[in-house]
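When we follow the working numbering, the leftmost residue of the sequence shown carries the number 31, and every step to the right adds one. A virtual CB, placed ideally from N, CA and C, is assigned to each residue, including glycine. Before any comments, here is the structure.
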Amino acid sequence: MSSAVGGTVGSGRAGGVLPGAPPPVRGPASEPVRGPVRGRCRRRVALRLAGDTVVVLACWATGMVLLGVELDPGFGPRVRGDAALVADVLLGAPATLALYARRRAPVLVASVLVVVSAVSVVAGVPALVALFGVAARRRWPVVAAVAAGVVLAGTVYGLLWPDPGFPAWAVPLVGLALVVPVAGWGAYVRTRHQLMTSLREQAEAARAEQEMRVQRARAAERSRIAREMHDVLAHRLSLVSMHAGALEFRPDADPADVARAAGVIRAGTHEALEDLRGILGVLRAEDVTGAAGEEARGRPQPTLDDLAELAREAREAGGRVRLDVDVPARAQAPALVGRTAYRVVQEGLTNARKHAPGREVRVHVRGAPGHGLEVVVDDAAGAPAAPRPGGAVPGAGLGLVGLAERVALAGGELEHGPSGDGFRLRARLPWPA
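Structure representation (structure tokens):
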């Protein structure tokens, strides 16, 4: 345990201390967190030893009281001699001290005490204590065997030194009356301990399952943020790349056009950096499902009403975009449907800007409650694609993969592929009535 704690404390940077974390607790020997653990173990051992000592002394005192009863002139001298009494004490003393080992070897200690209690009254009470230890740690067959041994030893003792005023047939009944409550009490302690252990294990399992759910939620949130990063940054940076390529291709352009293109590059870069900073801020959060995640989810998300602004940005960047939105109940569209449709159009415009610059892109969005929403981005019509200044914009090739996953999570379907001389992107999203 101490090594695990020490490893955790020493796993950070800069000499093994995490930034902002308190310094490791060290004992007199400069060992992290080892002194308190050893101190608790020593106190536990000391308390257990003190409790065993109290039990041994109580058993010894009870045994000596029983032996004193037999020394009464009306009972002892007529049945047992001095040699038997001395043997009783000599056998009972070490047998009582054997109770110190009842936790390590309960069955062995109980067996020895059962045998000794057949000839020693001092060992009778320790035998019952040993039976309790067996009942608290072993199963019923073993407990029943030891209990039967205790009753048999008491019967043997009663036959060796009978009490004239006590019938012999009543001795096993008295032994049984003593054994049953002791064994039942020990079984109750064992059952309660098992129940507490089971509840503790269930609590640990529930906590582990909860931690697993949190980890899965974190992974899902980070995956969502990664898709968001691709959609947003690919759109912004494609605009920047297109204008930068135009400046490189036309160094003799009109100064006003150069200034306008430089302004678009500056604004696009600034917006991309702002988006990147917000996304990375969430990724750096220790728990994306906590305050940071809530703050990220609280940011305004795009809807169907933002499609016009998206088309306007594409036109200002030099693209030819024809937007046709036929959604009468646009305000009633679910947030997930509107956001997904926006991302589909954004990805389609980005791909058209990358792979078919100069070609007109037609965007059709139509739908209604109960009929679903259809989004089509098509660059097949119009003039052939012009060669892109500065070459093609590099990409990861995962935009359509992430988009298909996004549409599938919204319960829709995504189709994409060549259409004539161009490329068509089509998504169908559910819109309940």
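- Exposure of TYR218 is indicated by the presence of fewer than 16 other C-beta atoms within 10 angstroms of its C-beta.
- Around the C-beta of PRO156, 16 or more other C-beta atoms lie within 10 Å, and the residue is accordingly described as buried.
- The three-state secondary structure of GLY429, taken from DSSP, is helix.
- By the Cβ test, the segment 140-151 is not in contact with the segment 193-209, since fewer than three Cβ pairs between them sit closer than 8 angstroms.
- Residue environment analysis places GLU377 among the buried positions, since at least 16 neighbouring C-beta atoms fall within 10 angstroms of its C-beta.
- Residue pairing by DSSP puts LEU459 in a beta bridge opposite LEU403.
- Here VAL75 is exposed, its C-beta having fewer than 16 other C-beta atoms within 10 Å.
- Assignment of GLY378 by DSSP, reduced to helix, strand and coil, places it in the helix class.
- For SER141, there is no enclosing beta strand (DSSP E); the enclosing alpha helix (DSSP H) has its first and last residue at 136-147.
- Judged by pairs of C-beta atoms under 8 angstroms, the segment 355-362 does not touch the segment 233-242, as fewer than three such pairs exist.
- The shortest C-alpha to C-alpha distance from GLY81 to any of LEU120, VAL99, TYR130, ARG68 is the one to TYR130.
- Boundaries of the alpha helix (DSSP H) harbouring GLU339: 337-346, taken from the DSSP string.
- With a cutoff of 8 angstroms on beta-carbon distance, VAL357 and GLY397 are scored as near each other.
- At least 8 angstroms separates the beta-carbon of PRO136 from that of VAL95.
- With fewer than 16 neighbouring CB atoms inside 10 Å of its own CB, CYS71 falls in the exposed class.
- Between the beta-carbon of LEU439 and that of HIS446 there is about 17 angstroms, and that puts the pair past the 8 angstroms contact cut.
- Under the three-state reduction of DSSP, SER268 is assigned to helix.
- A distance below 7 angstroms between beta-carbons, with the five flanking residues on each side excluded, links GLY402 to the following residues of its chain, in chain order: ARG458, LEU459, PRO460, TRP461.
- Taking 8 angstroms as the cut-off, the beta carbon of VAL270 is found closer than this to the beta carbon of GLY298.
- As DSSP reads the structure, SER449 sits in a beta bridge with GLY452.
- A residue is called buried when at least 16 other Cβ atoms come within 10 angstroms of its Cβ; ARG369 meets this threshold and is buried.
- DSSP, read as helix, strand or coil, puts GLY163 in helix.
- With a minimum length of 4 residues, there is no unbroken run of alpha helix (DSSP H) contained wholly in the segment 184-244.
- Here PHE162 is near TRP215, since their CB atoms are less than 8 angstroms apart.
- In the displayed model, GLY388 falls within coil according to three-state DSSP, outside both helix and strand.
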